[in-house]
Amino acid sequence: MAKMIGATLIILAATLAGWYKARQYANRPRQIRQLIVALKRLETEIMYGFTPLPDALRVIAKQLKPPLQSIFEHAAGGMDKHNSTAQQSLHTAISQYWGHTDMKSAEREIMVQLSYTLGTSDRADQAGHITAAISQLQHEELQARDEQVHYEKMYKSLGLLSGILVVILLY
Numbered sequence: 118m119a120k121m122i123g124a125t126l127i128i129l130a131a132t133l134a135g136w137y138k139a140r141q142y143a144n145r146p147r148q149i150r151q152l153i154v155a156l157k158r159l160e161t162e163i164m165y166g167f168t169p170l171p172d173a174l175r176v177i178a179k180q181l182k183p184p185l186q187s188i189f190e191h192a193a194g195g196m197d198k199h200n201s202t203a204q205q206s207l208h209t210a211i212s213q214y215w216g217h218t219d220m221k222s223a224e225r226e227i228m229v230q231l232s233y234t235l236g237t238s239d240r241a242d243q244a245g246h247i248t249a250a251i252s253q254l255q256h257e258e259l260q261a262r263d264e265q266v267h268y269e270k271m272y273k274s275l276g277l278l279s280g281i282l283v284v285i286l287l288y
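Numbering (the numbering used here), first residue to last: 118 to 288.
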């Protein structure tokens with residue numbers, strides 16, 4: 118009886134680990150798409166709304182869901198509370214909250230590169246940099262979708278099968 122419970126727990130734990138990894142592959146394209154939409158809104162706020170950058174980041178944060186919401190809120194708060202530059206605030210927000218996302222370092226690097234230009238140039242130049250970041254993120258989204266197709270189902274199966282293998286090896 119105890120062996121059966123132990124075997125069930127091992128299989129369950131391995132299956133859940135596989136499903137967790139598969140969920141990361143499923144969430145990554147969605148989060149990249151949310152980031153693209155957020156940057157398009159930021160571009161609109163800067164170009165047509167003439168909204169100050171901290172206010173624009175705050176408006177966008179209200180429209181997002183966690184974990185991306187935290188990044189934009191913290192960046193806006195850093196610019197207000199600590200009188201930091203946009204670059205410093207965005208770097209701090211990314212370093213604190215990026216680990217809560219399912220995105221990889223390529224998307225993080227795109228955002229870090231974008232932070233260097235936010236708030237340091239005129240509206241047209243900032244819009245150009247945001248557009249470049251959006252196109253890079255769209256490329257990353259395509260790769261993320263390909264990875265999702267290839268690896269999501271594999272990790273679900275691999276979790277279950279590795280749990281069964283461990284049970285067979287132990288008993």
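From the three backbone atoms N, C-alpha and C, an ideal C-beta is built for every residue, glycine too.
Because the structure is a prediction, the values reported are computed rather than measured.
Check	Outcome
Could you pull out every residue in the same chain whose Cβ sits closer than 7 Å to the Cβ of Y288, ignoring the five residues on either side in sequence?	K120, A124
What do you reckon, are the CB atoms on E269 and E224 nearer than 8 Å?	no
Cα-Cα, which of A193, A134, A155 is closest to R175?	A193
Distance check for A130 and S279, CA to CA, integer angstroms please.	10 Å
To the nearest angstrom, report how far apart N157 and T248 are at their CA atoms.	The amino acid occupying residue 157 in the given sequence is Lys; Asn does not appear at that position. Spanning the two alpha carbons is a distance of roughly 8 Å.
Would you identify the three-state DSSP class for F189, choosing helix, strand or coil?	helix
Looking only at C-alpha atoms, which of A178, T218, E190 sits nearest to P184?	T218
Specify the secondary structure class of L181 as computed by DSSP and reduced to three states.	coil
Do I149 and L254 have their C-beta atoms within less than 8 Å of each other?	yes
What separation, rounded to the nearest whole angstrom, lies between the Cα atoms of V284 and Y142?	27 Å
In three-state DSSP terms, what is N200?	coil
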